[in-house]
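What follows is a set of notes on a single structure, which appears directly below.
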Amino acid sequence: MAGIDRRAAIGALAPLIVTLGAIIATYATGTTARSIETAVASPYLILGFFAERFPALAFAIVFVLVRVMVIAILAHRPNILIRLLLLIPALALVLAAALYPTFGGIIARPGFMGGGFSILDARITGVDAGFLLGGAISGVMLGLVTGLARMIVDWSWGFTWGRLARLILAFIAYAAMGAVLAWGWATLEQGNALFPRAPLTLIEAVGLVGLVIVATAPQIVVAAWSDAARRG
Numbered sequence: 032m033a034g035i036d037r038r039a040a041i042g043a044l045a046p047l048i049v050t051l052g053a054i055i056a057t058y059a060t061g062t063t064a065r066s067i068e069t070a071v072a073s074p075y076l077i078l079g080f081f082a083e084r085f086p087a088l089a090f091a092i093v094f095v096l097v098r099v100m101v102i103a104i105l106a107h108r109p110n111i112l113i114r115l116l117l118l119i120p121a122l123a124l125v126l127a128a129a130l131y132p133t134f135g136g137i138i139a140r141p142g143f144m145g146g147g148f149s150i151l152d153a154r155i156t157g158v159d160a161g162f163l164l165g166g167a168i169s170g171v172m173l174g175l176v177t178g179l180a181r182m183i184v185d186w187s188w189g190f191t192w193g194r195l196a197r198l199i200l201a202f203i204a205y206a207a208m209g210a211v212l213a214w215g216w217a218t219l220e221q222g223n224a225l226f227p228r229a230p231l232t233l234i235e236a237v238g239l240v241g242l243v244i245v246a247t248a249p250q251i252v253v254a255a256w257s258d259a260a261r262r263g
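Note that my numbering numbers the sequence shown so that position 4 is 35, with each residue one more than the last.
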């Protein structure tokens, strides 16, 4: 897309690179829900039901956390030292929204309810439609949380029609991310994927890598355009 320079492209791709690294690390270390709970050993970390039904959301959270870090670095206001300090509550906000009271937080729950629980048993809509709808709603919630975190570290507030257009496209991209991840993981589960109850197999890891690349592609394009426009 015209106007996207190298710096904007690198900033937009950084969250994907880190997220793919997280998938590879998860596979290499044989990480499971039980191993995470054992390692953390905290009553405040409860993975539970949503972790088993939508574990791909964990990698979307990694993507968003890195994206907020990139925004903190690329923003112009406030001063960089203040932005780095504000980055702490911004990241804490994302983690709280994703993990409280259990994994999924306020991000996954509206998606499951919005899908009429067809994400679980197709009682209201078709299985595919339920996954896509529920995932899209979760994606929008993820976009809202990311937007709030972004406002904490980037004080370039104000209204222009260009910003409005990029905001709308960003929410569409987040909805697409959630829909693709939810539907794609359901497809992997139909192929007997057991993660996070069991470690990722090589086939599951490769499938998850491809799924994340496809799911985040629209967001990466919008992010690169947005970062370039901010400096324009």
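Glycine is no exception: its CB is placed at the ideal position from the N, C-alpha and C atoms.
Everything numeric in this text was worked out from a predicted model, so none of it was measured.
Open item on the list: Measuring straight from C-alpha to C-alpha, what distance separates residue 116 and residue 135?
Closed with: On the sequence shown, position 85 is the one that residue 116 refers to. On the sequence shown, position 104 is the one that residue 135 refers to. Distance between the alpha carbons of residue 116 and residue 135: 26 angstroms.
- [ ] Mind the definition here: the segment 216-235 touches the segment 48-65 only if three or more C-beta pairs lie below 8 angstroms; say whether that holds.
- [x] Output reads yes: the segment 48-65 touches the segment 216-235.
TODO: Determine, using beta carbons only, whether residue 62 and residue 94 come nearer to each other than 8 angstroms.
DONE: Counting from 1 along the sequence shown, the entry for residue 62 is found at position 31. Counting from 1 along the sequence shown, the entry for residue 94 is found at position 63. No, the pair does not count as a contact, with Cβ atoms beyond the cut-off.
- [ ] Please state whether DSSP places residue 53 in a helix, a strand or coil.
- [x] Taking the first residue of the sequence shown as position 1, residue 53 is located at position 22. Here residue 53 sits in helix by DSSP.
Task: alpha helix (DSSP H) segment containing residue 202, residue limits - done: Translated into positions along the sequence shown, residue 202 becomes position 171. Element bounds for residue 202: 192-221.
Task: residue 92 burial status per 10 Å Cβ neighbour count (16 or more: buried) - done: Against the sequence shown, residue 92 aligns to sequence position 61. Burial call: buried.
TODO: Measuring alpha carbon to alpha carbon, tell me which of 130, 104 and 163 ends up nearest residue 246.
DONE: The residue given as residue 246 occupies position 215 in the sequence shown. The candidate whose alpha carbon is nearest that of residue 246 is 163.
Open item on the list: Below 8 angstroms, how does it come out for the segment 112-132 and the segment 230-239: are there three or more Cβ pairs, yes or no?
Closed with: Output reads no: the segment 230-239 does not touch the segment 112-132.
Task: Straight-line Cα distance separating residue 66 from residue 76 - done: As a working mapping, residue 76 is identified with position 45 in the sequence shown. As a working mapping, residue 66 is identified with position 35 in the sequence shown. Computed Cα separation, rounded: 12 angstroms.
Open item on the list: Alpha carbons only, please: which of 70, 251 and 118 is nearest the one belonging to residue 182?
Closed with: The residue labelled residue 182 in the question sits at position 151 within the sequence shown. With distances taken between Cα atoms, residue 182 lies closest to 118.
Task: Reduced DSSP category for residue 63 - H, G, I as helix; E, B as strand; rest coil - done: Walking along the sequence shown from the start, residue 63 turns up at place 32. It is coil, neither helix nor strand.
Open item on the list: If we require 4 or more residues per run, which alpha helix (DSSP H) segments fall completely within the segment 70-126?
Closed with: 79-84 and 87-105
Task: Beta-carbon proximity of residue 215 to residue 170, cut-off 8 angstroms - done: Reading the sequence shown from its first residue, position 184 is the one you call residue 215. Reading the sequence shown from its first residue, position 139 is the one you call residue 170. Going by C-beta atoms, residue 215 is not nearer than 8 angstroms to residue 170.
TODO: Note down the Cα distance separating residue 196 from residue 70, rounded to an integer number of angstroms.
DONE: The count along the sequence shown starts at 1 and reaches residue 196 at position 165. The count along the sequence shown starts at 1 and reaches residue 70 at position 39. Spanning the two alpha carbons is a distance of roughly 43 angstroms.
Task: Test item: CB-CB of residue 104 and residue 259 under 8 angstroms - done: Here the question's residue 104 lines up with position 73 in the sequence shown. Here the question's residue 259 lines up with position 228 in the sequence shown. Not closer than 8 angstroms, so no.
Task: Assigned exposure category for residue 43 - 16 Cβ within 10 Å defines buried - done: Walking along the sequence shown from the start, residue 43 turns up at place 12. Label assigned to residue 43: buried.
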